[in-house]
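Colleague: If you read the sequences in order, they're chains A and B. In terms of our numbering, the first sequence is numbered consecutively and its last residue is 483. In terms of our numbering, the second sequence is numbered consecutively and its last residue is 483. There's a structure below that I have some questions on.
2 protein chains.
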Amino acid sequence: MTARTGRPTLAVVGATGAVGTVMLKILSQHADIWGEIRLIASPRSAGRKLTVRGEQVEVMALGEEALTGVDVAMFDVPDDIARRWAPVAAALGAVVVDNSGAFRMDPDVPLVVPEVNPHAARVRSRGIIASPNCTTLSMIVALGALHAEFGLRDLVVSSYQAVSGAGRAGIETLRAQMSLVAGTELGTNPGDLRRAVGDGTGPFPEPVALNVVPWAGSLREDGWSSEEMKVRDETRKILGLPELRVAVTCVRVPVITTHSATVHARFEGEVTVDRAREILATAPGVVLCDNPEAGEFPTPADVVGTDPTWVGRLRRALDDPTALELFVCGDNLRKGAALNTAQIAELVAGERGTA
Amino acid sequence: MTARTGRPTLAVVGATGAVGTVMLKILSQHADIWGEIRLIASPRSAGRKLTVRGEQVEVMALGEEALTGVDVAMFDVPDDIARRWAPVAAALGAVVVDNSGAFRMDPDVPLVVPEVNPHAARVRSRGIIASPNCTTLSMIVALGALHAEFGLRDLVVSSYQAVSGAGRAGIETLRAQMSLVAGTELGTNPGDLRRAVGDGTGPFPEPVALNVVPWAGSLREDGWSSEEMKVRDETRKILGLPELRVAVTCVRVPVITTHSATVHARFEGEVTVDRAREILATAPGVVLCDNPEAGEFPTPADVVGTDPTWVGRLRRALDDPTALELFVCGDNLRKGAALNTAQIAELVAGERGTA
Numbered sequence: 129m130t131a132r133t134g135r136p137t138l139a140v141v142g143a144t145g146a147v148g149t150v151m152l153k154i155l156s157q158h159a160d161i162w163g164e165i166r167l168i169a170s171p172r173s174a175g176r177k178l179t180v181r182g183e184q185v186e187v188m189a190l191g192e193e194a195l196t197g198v199d200v201a202m203f204d205v206p207d208d209i210a211r212r213w214a215p216v217a218a219a220l221g222a223v224v225v226d227n228s229g230a231f232r233m234d235p236d237v238p239l240v241v242p243e244v245n246p247h248a249a250r251v252r253s254r255g256i257i258a259s260p261n262c263t264t265l266s267m268i269v270a271l272g273a274l275h276a277e278f279g280l281r282d283l284v285v286s287s288y289q290a291v292s293g294a295g296r297a298g299i300e301t302l303r304a305q306m307s308l309v310a311g312t313e314l315g316t317n318p319g320d321l322r323r324a325v326g327d328g329t330g331p332f333p334e335p336v337a338l339n340v341v342p343w344a345g346s347l348r349e350d351g352w353s354s355e356e357m358k359v360r361d362e363t364r365k366i367l368g369l370p371e372l373r374v375a376v377t378c379v380r381v382p383v384i385t386t387h388s389a390t391v392h393a394r395f396e397g398e399v400t401v402d403r404a405r406e407i408l409a410t411a412p413g414v415v416l417c418d419n420p421e422a423g424e425f426p427t428p429a430d431v432v433g434t435d436p437t438w439v440g441r442l443r444r445a446l447d448d449p450t451a452l453e454l455f456v457c458g459d460n461l462r463k464g465a466a467l468n469t470a471q472i473a474e475l476v477a478g479e480r481g482t483a
Numbered sequence: 129m130t131a132r133t134g135r136p137t138l139a140v141v142g143a144t145g146a147v148g149t150v151m152l153k154i155l156s157q158h159a160d161i162w163g164e165i166r167l168i169a170s171p172r173s174a175g176r177k178l179t180v181r182g183e184q185v186e187v188m189a190l191g192e193e194a195l196t197g198v199d200v201a202m203f204d205v206p207d208d209i210a211r212r213w214a215p216v217a218a219a220l221g222a223v224v225v226d227n228s229g230a231f232r233m234d235p236d237v238p239l240v241v242p243e244v245n246p247h248a249a250r251v252r253s254r255g256i257i258a259s260p261n262c263t264t265l266s267m268i269v270a271l272g273a274l275h276a277e278f279g280l281r282d283l284v285v286s287s288y289q290a291v292s293g294a295g296r297a298g299i300e301t302l303r304a305q306m307s308l309v310a311g312t313e314l315g316t317n318p319g320d321l322r323r324a325v326g327d328g329t330g331p332f333p334e335p336v337a338l339n340v341v342p343w344a345g346s347l348r349e350d351g352w353s354s355e356e357m358k359v360r361d362e363t364r365k366i367l368g369l370p371e372l373r374v375a376v377t378c379v380r381v382p383v384i385t386t387h388s389a390t391v392h393a394r395f396e397g398e399v400t401v402d403r404a405r406e407i408l409a410t411a412p413g414v415v416l417c418d419n420p421e422a423g424e425f426p427t428p429a430d431v432v433g434t435d436p437t438w439v440g441r442l443r444r445a446l447d448d449p450t451a452l453e454l455f456v457c458g459d460n461l462r463k464g465a466a467l468n469t470a471q472i473a474e475l476v477a478g479e480r481g482t483a
C-alpha cells in the first residue's frame with residue numbers, strides 16, 4: 129500500500145450495481161493510477177466485501193464520512209441519489225464523475241466522451257462532470273470521428289437496446305422469461321407470451337423474450353420517450369451542435385448486454401465510403417468490422433465484454449451522396465457506462481498528476 | 129361439393145411450407161369463394177394429406193398435370209422454382225399470384241398490395257402478379273395511406289425481422305438456440321454464444337438467440353443486402369415513386385413471427401400528428417395502437433397471428449415539421465406473405481365473378 133502514497137483517492141459510489149461490478153473489473157484491468165479505492169453503496173450493502181485490484185475491500189455506506197478525503201468520485205446511482213450526493217462530494221473537494229441523468233444537461237456540467245471532447249472536462253464550475261447515457265455512447269465515438277471530418281447535418285437513429293440497460297432487474301427479467309419460453313410454442317400465437325409472463329415483465333412494459341418493445345424510459349412531450357430525448361440532447365451537447373437535427377426511436381430487444389443502433393447520418397457535403405472507412409479504421413476507440421462478403425459485421429454476441437465502439441454495414445445512401453448508413457454496437461455496461469466513467473476519472477487524475 | 133360448381137379452381141403451390149401452412153389457415157377462415165382447392169408441393173411431399181376448409185386434401189406433386197385447369201395459382205416457393213413454374217401455370221391459363229422474389233421487379237409484372245394499388249393487378253401481360261417481400265409489407269399499407277395525403281419524399285427504415293422470414297429452418301434454429309441458452313450465463317461473455325451454438329446457426333450467419341444480426345439475404349453492390357434493396361425497390365414500385373429516396377438497414381432479431389420496423393418518413397410539406405392519426409385510424413388494413421401514457425404500442429407478441437399493419441409511437445420529428453416517426457408491426461407470415469397473396473387471389477377471382 130505504501131507505493132500508492134501520493135496517488136489520488138478514488139471513490140466508487142454504487143459499487144454493488146450492474147455497472148458498479150463492471151467498474152471494479154475495469155479498475156482491476158487498467159493501469160493502476162489510484163491510491164486508496166473506496167467502495168460506497170447504499171447502507172443495506174455496507175459491510176459486504178468486494179474484490180478490486182485483487183484485494184477484498186469492505187463497502188462503506190454512502191454519507192459525508194465516506195466521501196471525505198476523496199479526490200475523484202465515480203457515481204453510478206439513480207438520478208435522485210446523484211442529485212443529492214454528487215454536490216456533497218464536490219463540496220468536500222472531490223471531482224465527481226456522474227453516470228446518472230441528473231446533471232447531463234446542466235449548462236455548468238460538461239458532458240464528456242474522452243475520445244470526442246476531452247477538453248470539455250476541464251471546465252467544471254460545479255466540480256461535476258457527467259458521462260452520457262449508454263445509448264448515446266453506443267454510437268457517439270464513431271459519429272464524433274466522422275463529424276470531425278465531414279460535418280454532421282442530421283441524424284436518424286434506431287436502437288436495439290439490451291436489457292442490462294435497465295440494470296440487474298432487466299437481466300433477471302429476461303433470464304426468467306427465457307426459461308419460461310424455451311422448449312414451448314410461446315411467441316407463436318397472439319397474446320400467449322403476455323399471458324404466460326403475467327406480472328413478470330420486471331422493468332419493461334411488455335414481455336421482452338421473443339419480442340421487441342418500442343419503449344425505454346418515461347414519457348416526455350408529444351409521445352417521445354426520455355431515452356429518445358437523451359440521445360438527441362446529449363449528442364447535440366457532446367458534439368457542440370445545439371441545432372443538430374436528430375430523430376430517434378428506442379427499442380428494447382432480448383439481448384443481455386451490448387446496445388446496437390442503426391444510424392443514418394447526413395453530412396454537410398458529399399462523402400465517400402473509402403474516406404469514411406479510413407477515418408473509422410484509425411479513430412481511437414473504434415473498431416471497423418465490415419466485410420459482409422466474409423460474413424463480418426458486429427453483433428452483440430461478439431462485442432459484449434469489449435471496450436470499443438464496433439462499426440459495420442458502412443454504406444453510402446444510394447439516393448443521397450451526403451449520407452452514410454452504419455450499424456454500431458457497444459457494450460452498454462463498459463463504454464456505455466463504467467468504462468467511459470473510468471476514462472473520465474483517469475483524465476481528471478492525469479490533470480492532477482501534471483499540475 | 130356440387131355447391132362449388134362454377135367457382136374458380138385455386139392451386140396453392142408450396143402448400144407444406146411455413147407460409148403455405150398459414151395460407152391453408154387463411155383459406156379456411158376467409159369467405160369461401162373457391163371451387164376446387166388443389167394443394168401442390170415438391171414431389172417428396174406428394175401424397176401427404178393437409179386440412180383446408182375442414183377437409184383432408186392430398187398434396188399433388190408440382191408439374192403440368194397439377195397445374196392444368198387451374199384458374200388462380202398462389203405460389204410460395206423459392207425463386208428458382210417460381211421462375212420455372214409460374215410461366216408454365218400462366219401458359220396453362222392460370223393467373224399466378226407469386227410470393228417469391230422472381231418477378232417483383234419485372235416491368236411486365238404488377239407488384240400489388242390490395243389496400244394500396246389494387247388497380248395495378250389488372251395490367252398483367254405475363255399472367256403473373258407479384259406479392260411484395262415481407263419486410264416491405266410490414267410498413268407499406270400504413271405508408272401508402274400517409275403518402276396518399278401528404279406525398280412521400282424520403283424514407284429511412286430500420287427493420288427488426290423475425291426468424292420465420294427465413295422459413296421453418298429459421299424457426300427451428302431459434303427454438304434450438306433458445307433451449308441451449310435458457311438457464312445459462314451464455315450471452316454475457318464475448319464469443320461464448322458463438323462457441324456454444326457452433327454450426328447451429330441455420331439460415332443465419334450468426335447466433336440469433338440473445339443477439340441481433342444486421343444481415344438478411346445475400347450481398348448486393350456496395351455492401352447492401354438483397355433484403356435492403358428489395359424494401360427500396362418494391363416500395364418505389366408499389367407507390368409509383370421511382371425516384372423515392374429510401375435508406376434501409378435490415379436486422380434479424382430473436383422473434384419467431386412478426387416483423388417490426390422504425391420508419392422516418394419525410395413528406396412534401398408540413399405534417400401534423402393529429403391529421404396523421406386520423407388517416408391511420410381510418411385506413412383499411414391498419415390499426416393505430418398508440419397511447420404510450422397507457423403503455424400502448426404494438427409489439428410482435430401482440431401482433432402475431434393478426435391481419436393488419438399495427439402502427440404506434442407516432443411522433444412528428446422535433447427538428448423537421450415535414451417528417452413523421454413510426455414504429456410498425458406486421459405478421460410476416462400473414463400480411464407479409466400468405467394473407468397478401470390470398471387477398472390478391474381474391475381480387476382476381478372477384479374480377480372473374482363480375483366479368
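The beta carbon of each residue, even a glycine, is placed where N, CA and C say it ideally should be. Note that this is a predicted model, so its numbers are computed, not measured.
#1: Put M267(B) into one of helix, strand or coil per three-state DSSP.
#2: Among S353(A), P382(A), D226(A) and R462(A), which one has its Cα closest to the Cα of T329(A)?
#3: With DSSP as the reference, label M129(A) as helix, strand or coil.
#4: Does DSSP put I299(B) in a helix, a strand or coil?
#5: Shorter than 9 Å from the beta carbon of G433(A) to some beta carbon of chain B?
#6: Could you tell me the boundaries of the alpha helix (DSSP H) in which H205(A) lies?
#7: For M129(A), would you say it is in contact with chain B, using Cβ-to-Cβ distances shorter than 9 Å as the test?
#8: Can you give the beta carbon distance from I165(B) to R176(B), rounded, assuming they're within the 8 Å contact cut?
#9: L467(B) by DSSP, collapsed to three states: which one?
#10: Quick one: what's got a C-beta closer than 8 Å to D485(B)'s C-beta in the same chain, skipping five residues either side?
#11: If you draw a straight line from the C-alpha of A217(B) to the C-alpha of L195(B), how long is it?
#12: For the stretch 438–459 of chain A, list every residue whose C-beta sits within 8 Å of some C-beta in chain B, in sequence order.
#13: Excluding sequence positions up to five away, which residues of its chain have a Cβ less than 7 Å from the Cβ of M129(A)?
#14: Do we get a CB-CB distance below 9 Å when we pair L321(B) with the residues of chain A?
#15: In terms of residues, what are the limits of the alpha helix (DSSP H) holding D402(B)?
#16: CB-CB under 8 Å to N460(B), same chain, minus the five flanking residues each way: which ones, in chain order?
#17: With DSSP run on the structure shown, which of helix, strand or coil describes H387(A)?
#18: To which residues of the same chain is A222(A) closer than 8 Å at the C-beta, ignoring the five residues directly before and after it?
#19: Using the Cβ count rule (16 or more neighbours within 10 Å means buried), how would you classify N339(B)?
#20: At the 9 Å Cβ level, is T377(A) part of the contact set with chain B, yes or no?
#21: Using DSSP bridges, identify the partner residues of S287(B).
#22: Please report the distance separating the alpha-carbon of S253(A) from that of V225(A).
#23: From the DSSP output, read off the bridge partner residues of I154(B).
#24: Kindly list the residues whose CB is nearer than 8 Å to the CB of P206(B), restricted to its own chain and excluding five residues on each side of it in sequence; keep chain order.
#25: Measuring only the C-alpha atoms, how far is L372(B) from F395(A)?
#26: Quick check on N317(A) - is its C-beta less than 9 Å from some C-beta in chain B?
#27: Could you give the residue range of the alpha helix (DSSP H) that holds I256(A)?
#28: Tell me whether the beta-carbon of L454(B) lies closer than 9 Å to the beta-carbon of R441(B).
#29: Using a cut-off of 9 Å between C-beta atoms, extract the partners of D350(B) located in chain A.
#30: When the Cα atoms are used, what is the spatial distance from A304(B) to A324(A)?
#31: Under 8 Å Cβ-Cβ, which residues of chain B neighbour V340(A)?
#32: What span of residues does the beta strand (DSSP E) with V359(A) cover, start to end?
#33: Excluding sequence positions up to five away, which residues of its chain have a Cβ less than 7 Å from the Cβ of A473(A)?
#34: Grab me the residues of P136(B)'s own chain with a C-beta within less than 8 Å of its C-beta, minus the 5 sequence neighbours each way, in chain order.
#35: Applying the 10 Å Cβ sphere with the 16-neighbour rule, what's the burial state of D204(A)?
#36: Quick one: which residues of the stretch 257–287 of chain B get their C-beta closer than 8 Å to a C-beta of chain A? List them in chain order.
Modeller: From the atom records:
#1: coil
#2: P382(A)
#3: Legend: pLDDT at M129(A) = 41, less than 50; position of this residue unreliable, no value from coordinates given.
#4: helix
#5: yes
#6: Checking the sequence, you will find Val at residue 205(A) rather than His. Neither: V205(A) is in no alpha helix (DSSP H) and is coded neither H nor E.
#7: Its pLDDT being 41, under 50, M129(A) is placed unreliably in this model, and the value from its coordinates should be taken loosely. No, its Cβ sits nowhere closer than 9 Å to a Cβ of chain B.
#8: Not really, about 15 Å apart at Cβ, beyond 8 Å.
#9: helix
#10: Because residue 485(B) is not part of the residues shown, which for chain B are 129 to 483, the question remains open.
#11: 6 Å
#12: G440, R441, L442, R443, R444, A445, L446, D447, D448, A451, E453 and F455
#13: Only weak support is given to the placement of M129(A): the predicted model assigns it a pLDDT of 41, under 50, and the value that follows is read from those uncertain coordinates. Hits under 7 Å: none found.
#14: yes
#15: V401 to T410
#16: C262, T263, L265, S266, Q289, A290, S292, G293, T385, T386 and H387
#17: strand
#18: A139, L195, V198, D199, V200, A201 and G255
#19: buried
#20: yes
#21: A389(B)
#22: 13 Å
#23: Per DSSP, none; premise fails for I154(B).
#24: S228
#25: 20 Å
#26: yes
#27: Element bounds for I256(A): not the alpha helix (DSSP H) but the beta strand (DSSP E), I256 to A258.
#28: yes
#29: V401, R443, R444 and L446
#30: 20 Å
#31: Y288, V381, V383, S388, T427 and P428
#32: Per DSSP, V359(A) belongs to no beta strand (DSSP E); it is in the alpha helix (DSSP H), S354 to L367.
#33: L138, V200, M202 and V225
#34: I161, W162, G163, D199, V200, A477 and R480
#35: buried
#36: D282, V284 and S286
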